[in-house]
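Student: Quick one: structure below, then a few questions.
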Ligand code: FES
Ligand code: FES
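In UniProt numbering, the protein residues as written are 1 to 169.
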């Protein structure tokens, strides 16, 4: 079957099998390997992309179901050649660690900040609760999102760097 969707602003059309998952469509048909595939049980969340602006686990969506819809992946997170503040936050606060969960975490974080520009630590942790960091370093991930929120609010210098220190998970 043929499927057409918009991915990171570009319309793409490919011939796919009906059973093909969106995560594999993105990685294998479009070479957008920033979206990772980390489990067979829909638990890890490393495959999170946006479907019509909403974070979804792309291993739970058939590529055919995304037909006619707007998909955004981590490759489309930055704009105009600039990294998104969330990406910069992950760099500044060492949220990357091994990097495997990072793309999904950043897509979820961006969606959170678009809805709630000033989330509490608890709200950040709830937002990423469907995603697993195998490095177990949630403290730096939370701190990275806080950095991005503060950066966008123009109050970055007021965020204590050790907000989440003392906790490594
Ligand atoms: S690959 Fe693990 S939840 Fe999608
Ligand atoms: S940074 Fe290694 S899995 Fe999250």
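Glycine is no exception: its CB is placed at the ideal position from the N, C-alpha and C atoms.
All figures in this text were calculated on a predicted structure; none of them were measured in a lab.
Would you say residue 147 touches ligand 1, meaning its beta carbon is less than 6 Å from a heavy atom?
Tutor: Translated into positions along the chain shown, residue 147 becomes position 147. Because no heavy atom of ligand 1 lies under 6 Å away, the Cβ of residue 147 does not count as near it: no.
Student: Along the chain, where does the alpha helix (DSSP H) that runs through residue 145 open and close?
Tutor: As a first step, residue 145 must be located in the chain shown, where it is residue number 145. Where residue 145 is concerned, the enclosing alpha helix (DSSP H) stretches over 138-153.
Student: Quick check: residue 118 and residue 149, are their CB atoms within less than 7 Å of each other?
Tutor: In the chain shown, the residue the question calls residue 118 occupies position 118. In the chain shown, the residue the question calls residue 149 occupies position 149. Cβ distance < 7 Å, so residue 118 and residue 149 count as in contact.
Student: Using 7 Å as the threshold, is the C-beta distance between residue 35 and residue 49 below it?
Tutor: If you number the chain shown from 1, residue 35 lands on position 35. If you number the chain shown from 1, residue 49 lands on position 49. Cβ atoms of residue 35 and residue 49: closer than 7 Å.
Student: Would you call the CB atoms of residue 104 and residue 131 closer than 7 Å?
Tutor: Counting from one through the chain shown, the residue named residue 104 turns up at place 104. Counting from one through the chain shown, the residue named residue 131 turns up at place 131. Yes, these two residues count as a Cβ contact at 7 Å.
Student: So, are the CB atoms of residue 99 and residue 140 less than 7 Å apart?
Tutor: Along the chain shown, read from residue 1 onward, the residue named residue 99 stands at position 99. Along the chain shown, read from residue 1 onward, the residue named residue 140 stands at position 140. It is not a contact, given that the beta carbons lie outside the stated cut-off.
Student: Decide if residue 39 is buried, meaning its Cβ has at least 16 other Cβ atoms within 10 Å, or exposed.
Tutor: Reading the chain shown from its first residue, position 39 is the one you call residue 39. Flag for residue 39 reads exposed.
Student: CA-CA distance, residue 23 and residue 106?
Tutor: As a first step, residue 23 must be located in the chain shown, where it is residue number 23. As a first step, residue 106 must be located in the chain shown, where it is residue number 106. Taking the straight line joining both Cα atoms gives about 16 Å.
Student: Ignore the nearest five residues each way along the sequence and tell me which others in residue 74's own chain have a CB closer than 7 Å to its CB.
Tutor: To locate residue 74, count along the chain shown from 1; it is residue 74. 34, 35, 103, 106, 107, listed in sequence order.
Student: Suppose the cutoff is 8 Å on Cβ atoms and the five residues either side in sequence are ignored; what does the same chain contact list for residue 17 look like?
Tutor: Translated into positions along the chain shown, residue 17 becomes position 17. The residues are 1.
Student: Going by Cα to Cα distance, which pick from 4, 90, 109 is closest to residue 62?
Tutor: For the purposes of this step, residue 62 is taken as residue 62 along the chain shown, with counting starting at 1. Nearest C-alpha to residue 62: 4.
Student: Here's a check: name, in chain order, each residue in its chain whose Cβ is nearer than 8 Å to the Cβ of residue 13, leaving out the five neighbours to either side.
Tutor: Within the chain shown, residue 13 is the residue found at index 13, counting from 1. Result list for residue 13: 2, 3, 4, in chain order.
Student: Check the Cβ-Cβ distances between residue 47 and every residue of chain C, and say whether any is below 7 Å.
Tutor: The structure shown has no chain C; it contains just one protein chain.
Student: Quick check: what's the CA-CA separation for residue 88 versus residue 109?
Tutor: By one-based count along the chain shown, residue 88 stands at place 88. By one-based count along the chain shown, residue 109 stands at place 109. Their Cα atoms are separated by approximately 12 Å.
Student: Around ligand 2, which residues pass a check of Cβ closer than 5 Å to any of its heavy atoms?
Tutor: Selection output, chain order preserved: 97, 98, 100, 101, 133, 134, 135.
Student: If I'm right that residue 113 touches residue 152 with Cβ under 8 Å, what's the distance once you round it to whole angstroms?
Tutor: Looking up residue 113 in the chain shown gives position 113. Looking up residue 152 in the chain shown gives position 152. Contact flag correct, Cβ pair sits at about 7 Å.
Student: Nearest CA to the CA of residue 32: which residue from 144, 84, 70, 7?
Tutor: Here residue 32 refers to the residue found at position 32 when the chain shown is read from its first residue. It is 7 whose Cα lies nearest to the Cα of residue 32.
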